[in-house]
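Chains as they are written, first to last, in the working numbering: chain D, 12 to 477; chain Z, 294 to 386. By construction, the Cβ of each residue, glycine as well, lies at the ideal position given by its N, Cα and C atoms.
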């Protein structure tokens with residue numbers, strides 16, 4: 012009997028190596044769990060029958076040859092890529108095979124998965140609550156025992172925040188370490204594919220499989236050192252910085268603060284030196300900076316959906332009318348808002364005040380983080396200011412939704428890696444703890460995350476499913 | 294309002310979005326609120342600060358100019374809503 016709620020990918024590989032379980036039995040077990048629970052959760056948009064390797068779920072913006080890939084948008088309904096994303100190829104080469112494609116906010120724009128063109132995903136801890144987003148389908152699949160692990164993507168916090176809300180481990184890698192070839196683009200200077208797993212060790216294993224330079228993506232680089240799967244249980248010699256503004260930001264729930272404070276205390280107990288630091292302008296101006304840079308890039312990237320080469324077409328009398336009708340019918344509200352916001356910020360007369368200024372703020376954010384890393388190896392904070400919120404709670408107020416990412420965005424603007432691990436419960440719902448490091452410091456994040464994970468002993472199985 | 298109804302219509306035209314009247318009203322309100330929030334970036338005096346377009350310090354990534362297999366015409370057209378004689382077919386311009 013395979014317990015899909017508890018099985019880690021590392022254990023799955025071991026069982027298969029020893030001949031105790033076949034990959035076909037693994038796939039059958041997960042497909043059975045999906046049949047049992049996914050009517051309620053809606054983590055998947057579709058499953059596939061490919062039992063050749065250890066199962067993995069991909070967020071539905073990872074191109075998979077011959078398998079529908081929609082990025083959560085009706086404008087791409089029916090689109091079947093004719094090539095594989097590099098991360099899909101690398102997963103297959105590392106002994107994995109696709110279990111299914113997971114739900115997401117349309118074009119990865121959102122923090123609750125309610126912006127999906129195909130209906131929302133529910134949180135396995137409480138189906139009346141959101142799983143976070145935009146990689147909410149991948150997070151819910153892993154937390155709900157519907158996949159051993161999954162890939163998500165993170166632009167402003169779309170791996171870290173849903174990992175936090177669903178009580179799993181999520182890594183946003185250093186920009187440039189994971190290929191974006193074959194990933195449906197949102198904001199190209201920020202988008203990164205990241206592993207979503209039950210344990211930090213699984214996370215390191217999956218990161219090791221997908222990371223490294225890809226000739227098909229000229230923004231990728233070789234890793235400066237090999238990925239190490241962590242096993243140390245202490246934090247001796249580690250300098251942990253607690254940025255004041257990230258831990259005292261307005262809107263952080265008391266229960267979230269308590270869980271994060273306990274985890275900071277645990278860092279001390281495990282031998283780390285803990286000190287306070289400051290990122291004043293990064294936190295105050297990060298969100299505004301992000302909501303200029305990301306929509307500007309999105310308005311350019313989403314110009315390709317024009318009813319000509321793939322996806323939806325709504326006929327019109329001439330080509331321009333066809334474009335406009337296709338895009339109005341195919342895009343949901345959030346992509347429309349961001350396309351218009353981006354086009355506005357880039358337009359003549361506003362460029363310097365908005366986009367140009369935001370690019371300079373980005374420099375300031377990178378400098379502030381670099382200064383903090385002169386004294387500290389890792390910076391820590393809650394991942395999300397809140398636990399999982401109720402479906403519909405923020406759906407009518409885009410700005411309130413944007414604030415879900417206020418703690419993850421600043422380091423993302425600087426291209427830094429961030430790991431979210433579950434650190435406890437508040438109101439019976441998971442709280443995520445964010446570890447931020449300098450560029451290419453994933454090994455330090457894994458080591459720190461693993462030691463904390465073992466010391467915390469968080470049970471990743473949602474209470475109601477135990 | 295940080296953005297007017299006419300400006301929303303103008304930007305929608307630039308972005309090739311045909312909006313309904315209801316959408317124009319809603320987006321005018323929502324985009325105004327968002328623009329007011331993001332205008333915060335103008336509070337900082339950043340004269341002399343270089344802009345960042347990309348988080349890694351990469352420049353001129355070169356590659357050998359080697360031919361390799363690419364998509365066939367049929368593969369490239371496989372997802373086209375309309376096609377004719379090996380081309381994408383669109384309504385008259």
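C-alpha gap between residue 251(D) and residue 270(D), whole angstroms: The count along the first chain starts at 1 and reaches residue 251(D) at position 240. The count along the first chain starts at 1 and reaches residue 270(D) at position 259. Near 17 Å, if we compare the C-alpha coordinates of residue 270(D) and residue 251(D).
- prompt: Interface residues of chain Z around residue 348(D) at Cβ under 8 Å?
  reply: By one-based count along the first chain, residue 348(D) stands at place 337. Those are 320, 323, 324, 327, listed as they occur along chain Z.
field: residue 285(D) - DSSP class collapsed to helix/strand/coil
entry: As a position in the first chain, residue 285(D) is number 274, starting the count at 1. Strand at residue 285(D).
Span of the beta strand (DSSP E) around residue 165(D): Position 154 of the first chain, counted from the start, is the residue given in the question as residue 165(D). 160 to 165 is the extent of the beta strand (DSSP E) around residue 165(D).
Cβ-based contacts, 7 Å cut-off: residues of the segment 329 to 349 of chain Z near chain D: 330, 331, 333, 334, 335, 337, 339, 342, 343, 344, 345, 346, 347, 348, 349
message: Helix, strand or coil, according to DSSP, for residue 358(Z) in the structure here?
response: Looking up residue 358(Z) in the second chain gives position 65. Secondary structure at residue 358(Z): coil, using DSSP grouped into helix, strand and coil.
message: DSSP three-state label for residue 381(Z), please.
response: By one-based count along the second chain, residue 381(Z) stands at place 88. Strand at residue 381(Z).
- prompt: Going by Cα to Cα distance, which pick from 274(D), 38(D), 113(D), 248(D) is closest to residue 394(D)?
  reply: Walking along the first chain from the start, residue 394(D) turns up at place 383. When each option's Cα is compared against that of residue 394(D), the closest is 274(D).
query: At a CB-CB cut-off below 8 Å, which residues of chain Z make contact with residue 226(D)?
result: Translated into the one-based positions of the first chain, residue 226(D) becomes position 215. Going along chain Z in sequence order, the residues near residue 226(D) (Cβ under 8 Å) are 356.
query: How would you call residue 370(D), buried or exposed, if buried means at least 16 neighbouring beta carbons within 10 angstroms?
result: Taking the first residue of the first chain as position 1, residue 370(D) is located at position 359. Buried, since its Cβ has 16 or more Cβ neighbours within 10 Å.
- request: With a 10 Å radius around its C-beta and 16 neighbouring C-beta atoms as the bar for buried, classify residue 360(Z) as buried or exposed.
  value: Your numbering for residue 360(Z) matches position 67 in the second chain. Burial call: exposed.
- prompt: Does the ligand SAH have a heavy atom nearer than 7 Å to the CB of residue 286(D)?
  reply: This structure lacks the ligand SAH, and indeed carries no ligand of any kind.
message: Which complete alpha helix (DSSP H) runs does the segment 117 to 178 of chain D hold, if anything under 4 residues is left out?
response: Those alpha helix (DSSP H) runs which fall completely within the segment 117 to 178 of chain D and span 4+ residues are 147 to 154, 171 to 177.
field: Residues that residue 368(Z) contacts on chain D, provided the C-beta gap is smaller than 7 Å
entry: Within the second chain, the letter at position 75 stands for residue 368(Z). Residues of chain D whose Cβ lies closer than 7 Å to the Cβ of residue 368(Z) are, in chain order, 93.
Contiguous alpha helix (DSSP H) assignments of at least 4 residues, all confined to the segment 181 to 251 of chain D: Listed in chain order, the complete alpha helix (DSSP H) runs (minimum 4 residues) inside the segment 181 to 251 of chain D are 211 to 221.
field: CA-to-CA distance, residue 266(D) to residue 476(D), given in whole angstroms
entry: On the first chain, residue 476(D) is found 465 positions in, with the first residue counted as 1. On the first chain, residue 266(D) is found 255 positions in, with the first residue counted as 1. Approximately 23 Å between the Cα atoms of the pair.
- prompt: Taking only beta-carbon atoms, is residue 278(D) less than 8 Å away from chain Z?
  reply: To locate residue 278(D), count along the first chain from 1; it is residue 267. Not an interface residue.
message: Assuming residue 320(Z) is part of the alpha helix (DSSP H), what are its boundary residues?
response: As a working mapping, residue 320(Z) is identified with position 27 in the second chain. 314 to 331 is the span of the alpha helix (DSSP H), which, as asked, contains residue 320(Z).
message: By DSSP's criteria, residue 362(D) is part of a beta bridge. Which residues make up the other side?
response: Walking along the first chain from the start, residue 362(D) turns up at place 351. In the DSSP assignment, no residue is bridged to residue 362(D).
query: What residues are listed by DSSP as bridge partners for residue 445(D)?
result: In the first chain, residue 445(D) corresponds to position 434, counting from 1. 392(D), 431(D).
- prompt: So, are the CB atoms of residue 479(D) and residue 406(D) less than 8 Å apart?
  reply: Since the first residue of chain D shown is 12 and the last is 477, residue 479(D) is not available in this structure.
Within-8 Å CB hit, residue 305(Z) to chain D: By one-based count along the second chain, residue 305(Z) stands at place 12. Contacts with chain D at 8 Å (Cβ-Cβ) include residue 305(Z).
message: For residue 220(D) and residue 105(D), which I take to be in contact (beta-carbon distance under 8 Å), what is that distance rounded to the nearest angstrom?
response: Locating residue 220(D) in the first chain gives position 209, where the first residue counts as 1. Locating residue 105(D) in the first chain gives position 94, where the first residue counts as 1. Right, their Cβ atoms sit about 4 Å apart.
query: At a CB-CB cut-off below 9 Å, which residues of chain Z make contact with residue 328(D)?
result: In the first chain, the residue the question calls residue 328(D) occupies position 317. Within 9 Å Cβ-Cβ: 384, 385.
field: Distance, residue 316(Z) Cα to residue 297(Z) Cα
entry: Taking the second chain and counting its residues from 1, the one referred to as residue 297(Z) is at position 4. Taking the second chain and counting its residues from 1, the one referred to as residue 316(Z) is at position 23. Their backbone Cα atoms lie some 13 Å apart in a straight line.
- prompt: In chain order, what residues of the same chain have a beta carbon less than 7 Å from the beta carbon of residue 361(D), not counting five sequence neighbours either side?
  reply: Looking up residue 361(D) in the first chain gives position 350. Within the same chain, and ignoring the five residues on either side of residue 361(D) in sequence, the residues whose Cβ sits closer than 7 Å to its Cβ are 355.
query: Looking at C-alpha atoms only, which residue of 278(D), 366(D), 232(D), 43(D) is the closest neighbour of residue 253(D)?
result: Position 242 of the first chain, counting from 1, holds the residue named residue 253(D). When each option's Cα is compared against that of residue 253(D), the closest is 278(D).
- request: May I have the straight-line CA-CA distance separating residue 332(D) from residue 291(D), to the nearest angstrom?
  value: Position 321 of the first chain, counted from the first residue, corresponds to residue 332(D). Position 280 of the first chain, counted from the first residue, corresponds to residue 291(D). Using only the alpha carbons, I get a separation of about 47 Å.
message: Buried or exposed for residue 362(Z), going by 16 or more other Cβ atoms inside 10 Å?
response: As a first step, residue 362(Z) is located in the second chain; it is residue number 69 there, counting from the start. Exposed is the call here.
- request: Specify the secondary structure class of residue 107(D) as computed by DSSP and reduced to three states.
  value: For the purposes of this step, residue 107(D) is taken as residue 96 along the first chain, with counting starting at 1. Residue state, collapsed to three classes: strand.
- prompt: Are the segment 255 to 262 of chain D and the segment 345 to 353 of chain D touching, with three or more C-beta to C-beta distances below 8 Å?
  reply: no
- request: Ignoring anything shorter than 3 residues or poking outside the segment 284 to 345 of chain D, list the beta strand (DSSP E) runs there in chain order.
  value: 284 to 288
message: Measuring only the C-alpha atoms, how far is residue 263(D) from residue 295(D)?
response: On the first chain, position 252 is the one that residue 263(D) refers to. On the first chain, position 284 is the one that residue 295(D) refers to. Each residue's Cα considered, the two are about 14 Å apart.
task: Could you give the DSSP three-state label for residue 387(D): helix, strand or coil?
output: One-based indexing of the first chain puts residue 387(D) at position 376. Here residue 387(D) sits in coil by DSSP.
message: For the segment 225 to 253 of chain D, list every residue whose C-beta sits within 8 Å of some C-beta in chain Z, in sequence order.
response: 226, 229, 230, 232
- prompt: Using the beta-carbon of each residue, which ones in chain Z are nearer than 8 Å to residue 372(D)?
  reply: If you number the first chain from 1, residue 372(D) lands on position 361. 334, 337, 339, listed in chain order.
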